[in-house]
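Below is one structure, written out as structure tokens; comments come after it.
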Ligand code: G6P
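Residue numbers (our numbering): 233 to 607.
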């Protein structure tokens, strides 16, 4: 007989009820200021352990499925931009085929998995371990399988997420990536003290910024869902770190409202997808005032010239962008590195209201499971 120790989770019953919200998805979207505060409370010791193991590896991979993969994609930009550490983001179900033969004792694989139980991820973790790679993880569930397989892991501490569509756990994963990247930057001497202090201050301000965005845009996004609910297809376009935001915004929309949508790094749209554009086709641009802005303005013009309906998320006061847009969603100013955390918020709300307006239950999308434990 196997005897196992009882593991007590700190999650309360209250956290697992709707608490006055009509759906868990909406509740969890609104919990983000708090879940981000929790995610900022990592134990520095473990952050440093992961940073050291990633830094020691010859090649590092970031692996996840669904929303967690999107956080890997953003994470890869974050590690490169802050710590000059190249990492390879990869979809879990493709990892072994794509990189299996390259994995060895000099590889580190950071698995990102909210549940810690996704079969595609666990299979890769076993595989990586069998090839003597260093297995690391970011997860939300203490005691989950990934925490037993990984050499070291970080708990994002988002509390239970009941809605099938991941919302608060995505933004928390981004906050964890940022802290890990800071520790890496420090180890590798890639940021000055004042740059590090600025990023730390910015991180601390994120919960407040998210609170502001939630309150400012709840009714805007409900209104936009009403306006666009009959559209048959959407494009989501971003550049740089916000390519991940485009992918995640699209995934939210299609999984809860069953609205077909295409997400692309905006520079790719001219290589084929632009063929779909005709008068009134809705294109959502993630366009903060950052290093990608001038190029994305070019992409907006390309779409506009073909009659697309232009919806943009951009910085408050960006009049050039506002004038080019049929609908402009103003966002508070922030450093580029934080934009994926804030800019996904209106898109989560948009997906939620699109589902509700169509009479669907966003908490239980058809054919989907919160955690997919089969290959
Ligand atoms: C399922 C869920 C997604 C989630 C993905 C990965 O497909 O429906 O919302 O992003 O699994 O889950 P994980 O627990 O590994 O982050």
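Think of the CB as a built atom: it goes at the ideal place given N, C-alpha and C, for glycine as much as any other residue.
Say whether the stretch 328-344 touches the stretch 363-379, bearing in mind that this needs 3 or more beta-carbon pairs closer than 8 angstroms, one atom from each stretch.
yes
Contact the stretch 267-281 vs the stretch 318-325: 3+ CB pairs below 8 angstroms:
no
Local conformation of residue 392 per DSSP, three classes
Within the chain shown, residue 392 is the residue found at index 160, counting from 1. Here residue 392 sits in coil by DSSP.
State yes or no: is the C-beta of residue 572 within less than 7 angstroms of the C-beta of residue 477?
Residue numbering aside, residue 572 sits at position 340 when the chain shown is read from its first letter. Residue numbering aside, residue 477 sits at position 245 when the chain shown is read from its first letter. Yes, the pair counts as a contact, with Cβ atoms nearer than the cut-off.
Could you check if residue 511 is buried or exposed, using at least 16 other CB atoms within 10 Å of its CB as the buried criterion?
In the chain shown, the residue the question calls residue 511 occupies position 279. Burial call: exposed.
Please determine if the stretch 530-540 and the stretch 513-520 are in contact, where contact requires at least 3 C-beta pairs separated by less than 8 angstroms.
The stretch 530-540 is in contact with the stretch 513-520.
Over what stretch of residues does the beta strand (DSSP E) that includes residue 587 continue unbroken?
Walking along the chain shown from the start, residue 587 turns up at place 355. Per DSSP, residue 587 belongs to no beta strand (DSSP E); it is in the alpha helix (DSSP H), 571-589.
If you follow the alpha helix (DSSP H) that residue 541 is part of, which residue opens it and which one closes it?
As a first step, residue 541 must be located in the chain shown, where it is residue number 309. It is not in any alpha helix (DSSP H) - residue 541 instead sits in the beta strand (DSSP E) that spans 541-547.
Starting from the C-beta of residue 574, find all residues in its chain whose C-beta is less than 8 angstroms away, skip the five residues before and the five after it, and write them out in chain order.
Position 342 of the chain shown holds residue 574. Cβ neighbours of residue 574 beyond the five flanking positions: 438, 441, 442, 445, 563, 564 and 566.
Between which two residues does the alpha helix (DSSP H) carrying residue 439 extend?
Along the chain shown, one-based indexing puts residue 439 at 207. Residues 425-460.
For the stretch 469-488 against the stretch 301-319, are there 3 or more C-beta pairs whose distance is under 8 angstroms?
yes
Identify every residue that forms a DSSP beta bridge with residue 470.
For the purposes of this step, residue 470 is identified with residue 238 of the chain shown, where counting begins at 1. Paired residue(s): 497.
Among 295, 344 and 291, which residue has its Cα nearest to the Cα of residue 318?
Translated into the one-based positions of the chain shown, residue 318 becomes position 86. Closest option to residue 318, Cα to Cα, is 291.
Tell me the rounded alpha-carbon separation between residue 233 and residue 380.
Translated into positions along the chain shown, residue 233 becomes position 1. Translated into positions along the chain shown, residue 380 becomes position 148. When rounded, the distance between both Cα atoms is 20 angstroms.
Give me the DSSP bridge partner(s) of residue 291.
Taking the first residue of the chain shown as position 1, residue 291 is located at position 59. Answer is 339, bridged to residue 291.
Spatial neighbours of residue 505 within its chain, please: CB distance less than 8 angstroms, with the 5 preceding and 5 following residues excluded, ordered by chain position.
For the purposes of this step, residue 505 is taken as residue 273 along the chain shown, with counting starting at 1. Residues of the same chain with a CB within less than 8 angstroms of the CB of residue 505, apart from the 5 flanking positions on each side, are 467, 494 and 496 in chain order.
Please determine, among 525, 581, 410 and 528, the residue with the shortest C-alpha to C-alpha distance to residue 310.
Counting from 1 along the chain shown, the entry for residue 310 is found at position 78. The shortest C-alpha separation from residue 310 is found at 410.
According to DSSP, simplified to helix, strand and coil, what is residue 533?
Indexing the chain shown from 1 puts residue 533 at position 301. Residue state, collapsed to three classes: helix.
Three-state class that DSSP yields for residue 514 in the structure shown:
Position 282 of the chain shown holds residue 514. Three-state result, residue 514: strand.
Once the 5 residues before and after residue 602 are set aside, which same chain residues still bring their CB inside 6 angstroms of it?
Residue 602 sits at position 370 when you count from the first residue of the chain shown. Residues 396 of the same chain have their beta carbon placed closer than 6 angstroms to that of residue 602, with the five preceding and five following residues left out of the count.
Starting from residue 366, follow the beta strand (DSSP E) in both directions and report where the run begins and ends.
Taking the first residue of the chain shown as position 1, residue 366 is located at position 134. Looking at the DSSP string, the run of the beta strand (DSSP E) that includes residue 366 is 366-371.
Quick test of the definition: if touching needs 3 or more C-beta pairs under 8 angstroms, does the stretch 349-360 touch the stretch 261-275?
no
Please return the same chain residues whose Cβ sits closer than 8 angstroms to the Cβ of residue 250, not counting the five positions on each side in sequence.
Within the chain shown, numbered from 1, the residue matching residue 250 stands at position 18. So the list reads 256 and 259, once near-sequence residues are dropped.
Could you tell me which of 371, 604, 583 and 595 sits nearest to residue 458, measuring between CA atoms?
Here residue 458 corresponds to residue number 226 of the chain shown, with the count starting at 1. Nearest C-alpha to residue 458: 583.
In terms of alpha-carbon separation, which member of 405, 419 and 453 lies closest to residue 435?
Walking along the chain shown from the start, residue 435 turns up at place 203. Comparing Cα-Cα distances from residue 435 to each of 405, 419 and 453, the minimum goes to 405.
Using the C-alpha atoms, what's the distance from residue 376 back to residue 238?
Taking the first residue of the chain shown as 1, we reach residue 238 at position 6. Taking the first residue of the chain shown as 1, we reach residue 376 at position 144. Each residue's alpha carbon lies about 13 angstroms from the other.
Leaving aside the five residues before and after residue 605 along the sequence, list all residues of the same chain whose C-beta is less than 6 angstroms from its C-beta, in chain order.
Indexing the chain shown from 1 puts residue 605 at position 373. 349 and 351.
Below 8 angstroms on the Cβ atoms is my contact criterion, and I expect residue 382 with residue 398 to pass it. Report the Cβ-Cβ distance as a whole number of Å.
Position 150 of the chain shown, counting from 1, holds the residue named residue 382. Position 166 of the chain shown, counting from 1, holds the residue named residue 398. In this structure residue 382 is not in contact with residue 398, their Cβ atoms being roughly 20 angstroms apart against a cut-off of 8 angstroms.
Supposed close pair residue 346, residue 403 - CB separation, criterion 8 angstroms:
The count along the chain shown starts at 1 and reaches residue 346 at position 114. The count along the chain shown starts at 1 and reaches residue 403 at position 171. At roughly 12 angstroms, the Cβ-Cβ gap does not stay under 8 angstroms, so residue 346 and residue 403 are not in contact.
Quick check: what's the CA-CA separation for residue 568 versus residue 472?
The sequence position of residue 568 within the chain shown is 336, counting from 1. The sequence position of residue 472 within the chain shown is 240, counting from 1. Looking at the two C-alpha atoms, the distance is approximately 10 angstroms.
Are there any heavy atoms of ligand 2 lying less than 6 angstroms away from the beta-carbon of residue 264, as far as the coordinates show?
Here the bound small molecules are ligand 1; ligand 2 is not part of this structure.
Is the Cβ-Cβ distance between residue 488 and residue 587 less than 7 angstroms?
Translated into positions along the chain shown, residue 488 becomes position 256. Translated into positions along the chain shown, residue 587 becomes position 355. Yes, the Cβ-Cβ distance between residue 488 and residue 587 is below 7 angstroms.
Starting from residue 384 and walking both ways along the alpha helix (DSSP H), at which residues does that stretch end?
Counting from 1 along the chain shown, the entry for residue 384 is found at position 152. Annotation for residue 384: no alpha helix (DSSP H) segment contains it, though the beta strand (DSSP E) segment containing it runs 384-387.
Quick test of the definition: if touching needs 3 or more C-beta pairs under 8 angstroms, does the stretch 523-532 touch the stretch 550-563?
yes
What is the C-beta distance between residue 593 and residue 394, in whole angstroms, given that I count them as a contact (C-beta under 8 angstroms)?
Indexing the chain shown from 1 puts residue 593 at position 361. Indexing the chain shown from 1 puts residue 394 at position 162. Not confirmed; about 12 angstroms, so no contact.
Would you say residue 449 and residue 578 are within 7 angstroms of each other, going by their C-beta atoms?
For the purposes of this step, residue 449 is taken as the residue at position 217 of the chain shown. For the purposes of this step, residue 578 is taken as the residue at position 346 of the chain shown. Yes, these two residues count as a Cβ contact at 7 angstroms.
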